[in-house]
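Colleague: In the numbering used here, the protein residues as written are 103 to 269. Idealized CB from N, CA, C, for every residue including glycine. None of the values given here were measured: they were computed from a predicted structure.
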């Protein structure tokens with residue numbers, strides 16, 4: 103596990119007035135890998151808003167290996183701001199996370215479902231084929247959830263699919 107002291111030192115560096123120092127600290131945090139996610143999440147909760155962006159970008163730069171720790175952090179956090187930044191991290195992971203995000207649309211935890219939906223919306227067009235496939239699948243809850251995300255994304259004709267489910 104990455105040490106809290108190391109994370110705190112890098113968290114302070116993220117607050118430096120020098121842009122190069124902030125970016126360097128972000129890169130160093132990302133290089134610590136997914137084991138550092140719990141400490142970075144703790145730092146997210148303590149940091150001023152101006153620093154949260156760099157902390158969440160560090161998580162996003164870790165890529166898919168950080169996906170599950172981020173989901174667990176969303177489950178355990180009661181701070182909506184922290185969850186918002188973690189959701190942005192998921193979205194920034196991009197297309198590689200789409201299949202897992204679609205699966206999470208039917209998670210038992212409402213915060214996780216919401217984060218997945220928002221992340222898919224932020225990913226945008228690349229998420230549409232997977233969402234369309236899910237909206238035509240066998241699972242009625244996933245079908246409706248995917249349809250609602252598509253609707254939120256402005257997909258035309260999705261309301262027809264949703265109303266057909268009611269028949």
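Just to confirm my understanding: we take residue 203, look at its own chain, exclude 5 residues before and 5 after, and list those with CB closer than 8 Å. What are they?
Modeller: 192, 218, 221, 222, 225 and 229
Colleague: Would you call the CB atoms of residue 175 and residue 139 closer than 8 Å?
Modeller: yes
Colleague: Let me confirm a value: residue 254 is counted as buried when at least 16 other C-beta atoms fall within 10 Å, else exposed. Which label applies?
Modeller: exposed
Colleague: For a quick check, are the C-beta atoms of residue 157 and residue 168 less than 8 Å apart?
Modeller: no
Colleague: Which of helix, strand or coil does DSSP assign to residue 149?
Modeller: coil
Colleague: On the criterion of 16 or more Cβ atoms from any shown chain inside 10 Å, does residue 141 qualify as buried, or is it exposed?
Modeller: buried
Colleague: Judging by CA-CA distance, which residue of 216, 108, 205 and 209 is the nearest neighbour of residue 188?
Modeller: 216
Colleague: In this structure, how does DSSP classify residue 179 when only helix, strand and coil are distinguished?
Modeller: coil
Colleague: Going by CA-CA distance only, name the one from 119, 231 and 165 that's closest to residue 134.
Modeller: Taking the Cα of residue 134 as reference, the smallest distance to any Cα among 119, 231 and 165 is reached at 165.
Colleague: Could you give the uninterrupted runs of the alpha helix (DSSP H) lying entirely in the stretch 182-231, keeping only those of 4 residues or more?
Modeller: 182-194, 200-205 and 212-225
Colleague: Over the uninterrupted alpha helix (DSSP H) stretch that includes residue 128, give me the two end residues.
Modeller: Per DSSP, the unbroken alpha helix (DSSP H) holding residue 128 starts and ends at 121-133.
Colleague: If you reduce the DSSP assignment to three classes, tell me which class residue 240 lands in.
Modeller: coil
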